[in-house]
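Inspection log for the structure reproduced underneath, given as structure tokens.
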Amino acid sequence: ILNVEQSPQSLHVQEGDSTNFTCSFPSSNFYALHWYRWETAKSPEALFVMTLNGDEKKKGRISATLNTKEGYSYLYIKGSQPEDSATYLCAFLSGGTSYGKLTFGQGTILTVHP
Amino acid sequence: DGGITQSPKYLFRKEGQNVTLSCEQNLNHDAMYWYRQDPGQGLRLIYYSQIVNDFQKGDIAEGYSVSREKKESFPLTVTSAQKNPTAFYLCAVYSAENEKLFFGSGTQLSVL
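In the order they appear, the protein sequences are chains A and B.
Per my numbering, residue 300 is the first one in the first sequence, and the count goes up by one each step.
Per my numbering, residue 13 is the first one in the second sequence, and the count goes up by one each step.
See below:
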């Protein structure tokens, strides 16, 4: 079983704070790293898919970086808002195809207080 | 995602009973996945299928079975051998065009 670890497990911040969390994954047999946001009572939705070492992606106030050599990715949220409250999941894709085995971390639960 | 239908939304299983969770998609994607979520844990991979008539075990396949007779359908059977089946089950399809997963709305399975 591939080891994909996310930290912290949960996080409480105040509205306006910036925050970040980590996803660690095996540095061998890397194909892609996915980030998903899972809001309560909804289905998980993709935020980013990253494939290249040094990749940086941005979507509004949310951005992510990727280091495949050392096996980690950071997700940053600038100026957190209550609507950012959700579980953030990363998923490691190994093997040689884009639709192989996707292994998820346990998630980081973010709560943004008004 | 409107193109992925999971049913039922809630399911109850009696001791020793097999139950089947349905996952149907009209997105014309090849790869489909089944994940299980338990409280405080992330999504754990049960089975996945990259093409019709082919599927692979994930990390927690014991006590489960699947079939992939049609591109649109990937049902998951929770057998009586699965001793702790109570969980939230999510089906997903992989879009090669967008390179990401799209998820169904899930099925909550509980044991009576």
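C-beta atoms are modelled at their ideal positions from N, C-alpha and C, and glycine is treated no differently.
Since this is a predicted model, take the numbers as computed values, not measurements.
On a Cα-Cα basis, can you pick out the residue from the options that is closest to residue i?
i       : options                            : result
A390(A) : G118(B), N65(B), Y47(B)            : Y47(B)
G52(B)  : F100(B), Y106(B), S117(B), A93(B)  : F100(B)
V64(B)  : D50(B), Y76(B), Y45(B), L55(B)     : Y45(B)
T386(A) : I72(B), Q49(B), S107(B), Q18(B)    : Q49(B)
L33(B)  : E109(B), N96(B), C103(B)           : C103(B)
N319(A) : L401(A), K400(A), A363(A)          : A363(A)
L374(A) : E382(A), K356(A), Q380(A)          : K356(A)
S117(B) : E338(A), G359(A), K358(A), P381(A) : E338(A)
I72(B)  : Y106(B), L55(B), G15(B)            : L55(B)
T321(A) : G394(A), K400(A), S372(A)          : S372(A)
V348(A) : L365(A), G359(A), G399(A)          : L365(A)
F324(A) : E314(A), P307(A), P413(A), L301(A) : L301(A)
S77(B)  : T119(B), S107(B), V31(B)           : V31(B)
S107(B) : I361(A), H333(A), A340(A)          : H333(A)
Using only the alpha-carbon positions, how far apart do residue i and residue j sit?
i       : j       : result
G378(A) : Q37(B)  : 37 Å
G370(A) : A331(A) : 11 Å
L392(A) : F329(A) : 7 Å
S309(A) : S342(A) : 19 Å
T89(B)  : S79(B)  : 9 Å
Q62(B)  : D42(B)  : 6 Å
K26(B)  : S122(B) : 9 Å
G404(A) : T350(A) : 17 Å
A345(A) : E109(B) : 14 Å
Q18(B)  : G359(A) : 31 Å
P97(B)  : E382(A) : 32 Å
Y335(A) : F86(B)  : 22 Å
S317(A) : Q380(A) : 10 Å
K82(B)  : D66(B)  : 10 Å
Y22(B)  : T119(B) : 6 Å
I376(A) : P20(B)  : 35 Å
In chain order, what residues of the same chain lie with their CB nearer than 7 Å to the CB of residue i, ignoring the 5 residues before and after it?
i       : result
G70(B)  : L57, I58, Y59, Y60
T367(A) : S326, F329, N352
Q29(B)  : S92
G406(A) : Q305, T386, Y387, L388
S384(A) : L409, T410, V411
P307(A) : F320, T407
In its own chain, which residues sit with a C-beta less than 6 Å from the C-beta of residue i, not counting the 5 before and 5 after it?
i       : result
D13(B)  : Note on D13(B): pLDDT 47, under 50, position unreliable in the model; no value is reported.
F24(B)  : S122, L124
I408(A) : S309, T386
Please return the same chain residues whose Cβ sits closer than 8 Å to the Cβ of residue i, not counting the five positions on each side in sequence.
i      : result
E84(B) : E36, Q37, N38
E74(B) : A93, Q94
Q68(B) : Y59, Y60, S61, Q62
With residue i and residue j assumed to form a contact (beta carbons below 8 Å), what rounded beta-carbon distance in angstroms separates them?
i       : j       : result
T402(A) : V303(A) : 5 Å
Is residue i close to chain D? Criterion is C-beta to C-beta, closer than 9 Å.
i       : result
E111(B) : No chain D appears in this structure, whose protein chains are A and B.
Exercise. Along the region 53-83 of chain B, what residues have a CB closer than 8 Å to any CB found in chain A?
Worked result: Q53, G54, L55, R56, L57, Y60, Q62, Q68, G70, D71
For this session: With 8 Å as the limit, tell me which residues of the region 319-336 of chain A have their beta carbon closer than that to any beta carbon of chain B; keep them in chain order.
Result: A331, H333, Y335
For this session: Please name the residues in the region 19-32 of chain B whose beta-carbon is closer than 9 Å to at least one beta-carbon of chain A, in chain order.
Result: none
Problem set entry | Residues of the region 334-354 of chain A with Cβ closer than 7 Å to any Cβ of chain B, in chain order | S342, P343, A345, V348
Exercise. Mind listing which residues of the region 374-406 of chain A have their C-beta closer than 8 Å to chain B's C-betas, in chain order?
Worked result: L388, A390, T396, S397, Y398, G399, K400, L401, T402, F403, G404, Q405, G406
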